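Worksheet: the structure to be examined is printed underneath.
There are 2 protein chains.
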Amino acid sequence: MTSISKDPTRERLLRAAGELFYREGVATVGVERLCQAAGASKRSLYQLFASKDELAAESLRAFGAQEVAGYVSPAATDLTPRARILQVFQRLEERAAAPGFHGCPFVNTAVEMHDATHPASAVAREFKDRLTAYFEKQAKLGHARHPKALAAQLTMVFDGAAVRAVMRAAGLDGLAVRAATTLLDAAGLDVPA
Amino acid sequence: MTSISKDPTRERLLRAAGELFYREGVATVGVERLCQAAGASKRSLYQLFASKDELAAESLRAFGAQEVAGYVSPAATDLTPRARILQVFQRLEERAAAPGFHGCPFVNTAVEMHDATHPASAVAREFKDRLTAYFEKQAKLGHARHPKALAAQLTMVFDGAAVRAVMRAAGLDGLAVRAATTLLDAAGLDVPA
Chain X
1 MTSISKDPTR ERLLRAAGEL FYREGVATVG VERLCQAAGA SKRSLYQLFA SKDELAAESL
61 RAFGAQEVAG YVSPAATDLT PRARILQVFQ RLEERAAAPG FHGCPFVNTA VEMHDATHPA
121 SAVAREFKDR LTAYFEKQAK LGHARHPKAL AAQLTMVFDG AAVRAVMRAA GLDGLAVRAA
181 TTLLDAAGLD VPA
Chain U
1001 MTSISKDPTR ERLLRAAGEL FYREGVATVG VERLCQAAGA SKRSLYQLFA SKDELAAESL
1061 RAFGAQEVAG YVSPAATDLT PRARILQVFQ RLEERAAAPG FHGCPFVNTA VEMHDATHPA
1121 SAVAREFKDR LTAYFEKQAK LGHARHPKAL AAQLTMVFDG AAVRAVMRAA GLDGLAVRAA
1181 TTLLDAAGLD VPA
C-alpha cells in the first residue's frame, strides 16, 4: 500500500475531483476550479486523464471502495445476516443526519450524467451492484425468499432514502430502517434469537 | 386556459428548458443552447428570468403539475385507495420501460442542484410533497397504520426505483410494484374485496 509508485499530481487531482464532484456536482465544477483545488495545471490534468469525464469516472472508482466499506461489515463479525443488512440502513440514517452528507455518490453520479453509457455511470453502477450483491448474499444466508428480488428492493430503498435526505437536507427519522425491516420481515429473513 | 396573456417567448423558453434540463441536466445545458432551442435571444432570457437558476425553477414548476398528474388518478375514479397507490407504481414501471424516460424530474433536479435551498430544489420538494400527500391521503382512506410514515416510505421506493431505472437504462421488472405492495400489506392497507 505504499504510494511510491503513484503520481502525486494524479492523486491530488483524484482527491480534489472526488470531493468537489461529490459536494457540488460533476457538471458544476469546472476544470479550472479542479486544477486550482488540486494545485495542478490543466496541462497535467490532460496528460494524466483523457478528459474531465474520465477523471470523474476514475475519481469515483478511487473512492468508491471506501464508500461501500463505510456501509458493509466485514464477514468476520458475528452479526446475523439480518443485522448486517439493517446495519447498512442504520449507517445511512447516521450519515444522512450528519453535516457533509450529500447523498450516495453513485446515485448522484448516475443521475447527473444523464447517460448510462458514460464511463462514470458505469463505475457508479458497478459499485451499486456491490451493495446489492452484499444484500443478496446476506439474504441467502438468512434464508430469505427471493433473495435477488429482495436485494434489488433493498437497494431501491437505500437509494430513495439517500435522495430523500438530499432533497430535504434532513435526516431520515428511522424511515429507511423501517422500510428495510418491513421488506426483510416479508421475505422471511431469519430474526436473530 | 387561453394563452393570450402569455408571453410566447417565455413559453418557448420554459418548454425548451423543461425538455433539455430533463433530458440532459441543468448544469450541462448552457444558456446559449437553451436560447437556440427556444428561438430566443439571451437578452430576452435575462429580461424574462433573473437567472438560469430561476428559469430552472420556473420550468420545473410549469411542467411539474402534469408530471404528477401522469401518476395519480383523479379522485372521481372508483379505484380503491390501495389500487390508487399501486397504480402510481404501475405507471412508473410503464414509464421506466419506455424510451425517453430519464427518471423523476424532481429527484433529478434536487440531486443535480446539490443545494436544498436552491429555488429549483424547493420546487422539486414541493411537487414531491404532493405525491407523498396523495399516498398519505389514500393510506388514511384505506385504514393503514401510520399513514404518514407509510407515505414517506412509498415515496422513497418511488424515488429509488426511478434512480434504478436511470442507472441501468432499463425497466423495473415489477420490483417497484412488489416493494410497494409489501409496504401496503405490512401497513394493513385494505385489500380490495
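One line per chain: the protein sequences are X and U, in this order. This note's numbering numbers the first residue of the first sequence as 1 and each following residue consecutively. This note's numbering numbers the first residue of the second sequence as 1001 and each following residue consecutively. Idealized CB from N, CA, C, for every residue including glycine. Being a predicted model, the structure only gives us computed values, none of them experimental.
* Asked: Near X/A27, what residues of its chain come up, given a Cβ to Cβ distance below 7 angstroms and the 5 sequence neighbours on each side ignored?
  -> Here residue 27 of chain X refers to the residue found at position 27 of the first sequence. E112.
* Would X/F158 pass as a contact of X/L92 if the rule is Cβ separation under 8 angstroms? -> The count along the first sequence starts at 1 and reaches residue 158 of chain X at position 158. The count along the first sequence starts at 1 and reaches residue 92 of chain X at position 92. In this structure, X/L92 lies closer than 8 angstroms to X/F158 by Cβ.
* Asked: Which same chain residues, not among the five before or five after U/C1035, have their C-beta less than 7 angstroms away from its C-beta?
  -> Locating residue 1035 of chain U in the second sequence gives position 35, counting from the first residue. So the list reads S1041, K1042, L1045, once near-sequence residues are dropped.
* Minimum Cβ-Cβ distance from X/F127 to chain U less than 8 angstroms -> Counting from one through the first sequence, the residue named residue 127 of chain X turns up at place 127. By this cut-off, X/F127 is not an interface position.
* Name the chain X residues that come within less than 8 angstroms of U/F1158, Cβ to Cβ? -> Your numbering for residue 1158 of chain U matches position 158 in the second sequence. What U/F1158 touches in chain X: G160.
* Between the stretch 16 to 27 of chain X and the stretch 97 to 115 of chain X, do at least 3 Cβ pairs fall closer than 8 angstroms? -> yes
* **Every unbroken alpha helix (DSSP H) within the stretch 92 to 169 of chain X, with a cutoff of 4 residues, ordered by chain** => 105 to 113, 119 to 141, 147 to 168
* Can you list, in chain order, the residues of its chain whose CB lies under 8 angstroms from that of X/M1, leaving out five sequence neighbours each side? -> Position 1 of the first sequence, counting from 1, holds the residue named residue 1 of chain X. With a pLDDT of 42 at X/M1, under the threshold of 50, the modelled position of that residue is not reliable, and the figure given next carries that caveat. Here the set comprises nothing.
* Asked: Under 8 angstroms between the Cβ atoms of X/A161 and X/L172?
  -> Translated into positions along the first sequence, residue 161 of chain X becomes position 161. Translated into positions along the first sequence, residue 172 of chain X becomes position 172. In this structure, X/L172 lies closer than 8 angstroms to X/A161 by Cβ.
* To do: Indicate whether U/L1086 and U/V1166 have their beta-carbon atoms separated by less than 8 angstroms.
  => The residue given as residue 1086 of chain U occupies position 86 in the second sequence. The residue given as residue 1166 of chain U occupies position 166 in the second sequence. No, the pair does not count as a contact, with Cβ atoms beyond the cut-off.
* Residue-chain proximity (U/D1053, chain X), Cβ-Cβ < 8 angstroms -> Mapped onto the second sequence, residue 1053 of chain U falls at position 53. It does not: the Cβ of U/D1053 has no partner Cβ on chain X nearer than 8 angstroms.
* Given a cut-off of 8 angstroms, decide if X/H143 and X/D53 are closer than it, judged by their beta-carbon atoms. => Taking the first residue of the first sequence as 1, we reach residue 53 of chain X at position 53. Taking the first residue of the first sequence as 1, we reach residue 143 of chain X at position 143. No; because the gap between Cβ atoms is not below 8 angstroms, this pair is not in contact.
* Asked: Is the CB-CB distance between U/L1154 and U/L1183 below 8 angstroms?
  -> Here residue 1154 of chain U refers to the residue found at position 154 of the second sequence. Here residue 1183 of chain U refers to the residue found at position 183 of the second sequence. For U/L1154 and U/L1183, yes; Cβs fall inside 8 angstroms.
* Asked: Where does U/M1001 fall in DSSP's three states?
  -> Numbered from 1 along the second sequence, position 1 holds the residue referred to as residue 1001 of chain U. Residue placement at U/M1001 is flagged as unreliable, the pLDDT there being 43, under the threshold of 50; a coordinate-derived value is accordingly withheld.
* How about X/L13: is its C-beta nearer than 8 angstroms to some C-beta of chain U? -> Against the first sequence, residue 13 of chain X aligns to sequence position 13. Taking Cβ atoms only, chain U never reaches closer than 8 angstroms to X/L13, which makes this a no.
* Proximal residues of chain X, C-beta to C-beta of U/V1107 below 8 angstroms -> As a first step, residue 1107 of chain U must be located in the second sequence, where it is residue number 107. V111, V163, M167, listed in chain order.
* To do: Could you tell me the distance, in whole angstroms, from the CA atom of U/A1116 to the CA atom of X/E94?
  => One-based indexing of the second sequence puts residue 1116 of chain U at position 116. One-based indexing of the first sequence puts residue 94 of chain X at position 94. Straight-line Cα distance between these residues: approximately 19 angstroms.
* To do: Report yes or no: is there a C-beta of chain U within less than 8 angstroms of the C-beta of X/E32?
  => Start at 1 with the first residue of the first sequence, and residue 32 of chain X comes out as number 32. Taking Cβ atoms only, chain U never reaches closer than 8 angstroms to X/E32, which makes this a no.
* Asked: If you measure from the CB of U/D1078, is any heavy atom of the ligand SAH nearer than 7 angstroms?
  -> In the structure on display, the ligand SAH does not appear, and there are no ligands present to speak of.
* Asked: Using the beta-carbon of each residue, which ones in chain U are nearer than 8 angstroms to X/E24?
  -> Residue numbering aside, residue 24 of chain X sits at position 24 when the first sequence is read from its first letter. What X/E24 touches in chain U: H1114.
* **Cutoff 8 angstroms: X/D185 Cβ touching any chain U Cβ** => Translated into the one-based positions of the first sequence, residue 185 of chain X becomes position 185. Chain U, which has a Cβ nearer than 8 angstroms to the Cβ of X/D185, makes this yes.
* Which word fits U/K1128, buried or exposed, when buried means at least 16 other C-beta atoms lie within 10 angstroms of its C-beta? -> What you label residue 1128 of chain U is simply residue 128 of the second sequence in a count that begins at 1. Flag for U/K1128 reads buried.
* To do: Tell whether a beta-carbon distance below 8 angstroms holds between U/A989 and U/E1136.
  => Chain U is shown only over 1001 to 1193; residue 989 of chain U falls outside these bounds and no answer can be derived.
* So which of X/M156, X/V88, X/T80 has the shortest CA-CA distance to X/G70? -> Counting from 1 along the first sequence, the entry for residue 70 of chain X is found at position 70. Answer by Cα proximity: X/V88.
* Under 8 angstroms between C-beta atoms, does U/T1002 make it to chain X? -> Translated into the one-based positions of the second sequence, residue 1002 of chain U becomes position 2. Any reading at U/T1002 must be qualified, since the residue scores a pLDDT of 43, below 50, and its modelled position is unreliable; no value is offered.
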